[in-house]
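Novice:
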Amino acid sequence: MDLGDRQVIGWSLSDRMSAEQTSIAAFKQAAKRRSPGKDLIFHSDRGVQYACEDFTKKLDAYDITQSMSRKGNCWDNAPAESFFKTLKHELDMPDCYQSYGQARSAIFEFIEIWYNRKRLHSAMDYQSPAQAEENLKQKSAA
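If you're matching positions, the sequence shown starts at 0 in numbering that gives the first Met the number 0 and goes up one per residue.
(1) Is the separation between the beta-carbon of Ile110 and that of Trp10 shorter than 8 Å?
(2) What is the DSSP secondary structure of Ile63, reduced to helix, strand or coil?
(3) Whose C-beta lies closer than 6 Å to the C-beta of Ala18 among residues of the same chain, with five residues either side of it excluded?
(4) Closer than 7 Å by C-beta to Ala79: which residues in its own chain qualify, once you throw out the five before and the five after it? Chain order, please.
(5) Looking only at its own chain, which residues have a Cβ that is under 7 Å from the Cβ of Lys117, when we skip the five neighbours before and after it?
(6) With DSSP run on the structure shown, which of helix, strand or coil describes Gln130?
(7) Who does Ile8 pair with in a DSSP beta bridge?
(8) Relative to the alpha-carbon of Gly46, which residue among Asn134, Ala122, Ser68, Ser104 has its alpha-carbon at the smallest distance?
(9) Do Gly3 and Arg119 count as a contact pair if the criterion is CB distance below 8 Å?
(10) Going by other Cβ atoms of all chains shown within 10 Å of its Cβ, with 16 needed for buried, is Asn115 buried or exposed?
(11) For Asp75, does the three-state DSSP call read helix, strand or coil?
(12) Does Leu135 get closer than 8 Å to chain C when you measure Cβ to Cβ?
(13) For Asn76, count neighbouring Cβ atoms within 10 angstroms of its own Cβ and tell me buried if that reaches 16, exposed if not.
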């Protein structure tokens with residue numbers, strides 16, 4: 000998630016918790032969408048997929064500073080925690096999906112169609128993340 004506009008720019012869904020299928024896959028997607036700029040900070044919880052050598056090397060390759068939440072403190076990663084609460088509440092997730100593809104499709108639609116493009120955020124003067132991104136681009140161009 001880009002904290003400047005609250006847009007989810009990289010995500011993954013997997014039935015395994017390996018770094019390659021979770022954090023690295025999401026990072027690759029984010030790097031394709033937005034070239035990591037100078038002075039970028041990547042903040043996460045203390046999950047093993049973020050702390051492992053493969054992931055930290057990926058961040059180092061882009062000269063990205065890694066930041067991790069303090070142990071047991073959910074407030075350090077509040078925007079991500081809030082996003083997942085919103086996902087679980089607004090997606091109205093059933094107890095289970097019929098298939099992995101069905102789950103992936105529902106999550107894709109929630110993130111890419113609803114959350115990033117249409118959902119309004121009070122923290123951003125009731126703009127969608129896409130609107131906030133556009134406003135930030137216009138301000139930086141001026």
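Ideal Cβ positions, reconstructed from N, Cα and C, are used throughout, including at glycine.
Specialist: To lay it out plainly:
(1) yes
(2) coil
(3) Gln48, Cys51, Asp53, Phe54
(4) Met0
(5) Ser127
(6) helix
(7) Per DSSP, none; premise fails for Ile8.
(8) Ser68
(9) Just to set this straight, residue 119 is Leu in the shown sequence, not Arg. Not closer than 8 Å, so no.
(10) buried
(11) helix
(12) In the structure shown, chain C cannot be found, because there is only a single protein chain.
(13) buried
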